[in-house]
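I have placed the structure first, in the form of structure tokens, so that the comments after it can refer back to it.
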Amino acid sequence: MNKLLSIGQASKMLGVTIQTLRNWDKKGLLKPDELTKGGDRRYKLETLKAINHNIVFNRDDLKTIAYARVSSHDQKEDLVRQVQILELYCSKLDDMQKVMIENVGE
């Protein structure tokens, strides 16, 4: 008999969030093997083992959001330094989309 895993167990095994599994279900990418009477998704261990080695991410869907914030205008230099550090980090992230958000608090 093949062991069934909950959506939480499946997400941990695959290294994705529960919401990602729900999205994959809606898109037809990975349907649960069974639904409980309460509507909870269950996945066969064998199925998850098979796809765990074949997960491919579409890099167009991935984004890095860098957020730099200081609490006052007097800290503008700190904001510039934060942005420089985040830009350096983001420059090492291949071709992923990057979004920089800068904020000076009130």
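Residue numbers for the sequence shown follow UniProt numbering, so the first one is 1 and each next one is one higher. For glycine and all other residues, C-beta sits at the position ideal for the given N, C-alpha and C. None of the values given here were measured: they were computed from a predicted structure.
Inter-residue Cα distance where the pair is residue i and residue j
i    : j   : result
L30  : K76 : 47 Å
L21  : Y89 : 29 Å
A10  : S72 : 45 Å
N103 : T64 : 17 Å
L86  : D78 : 12 Å
Q19  : I51 : 18 Å
A66  : G28 : 32 Å
I101 : K92 : 18 Å
Per DSSP, the bridge partner or partners of residue i
i    : result
V104 : V70
S6   : R42
Check whether residue i and residue j have beta carbons under 7 Å apart
i   : j   : result
K49 : D33 : no
message: Across the region 6-15 and the region 29-43, are there enough close Cβ pairs to call them in contact, namely three or more that are closer than 8 Å?
response: yes
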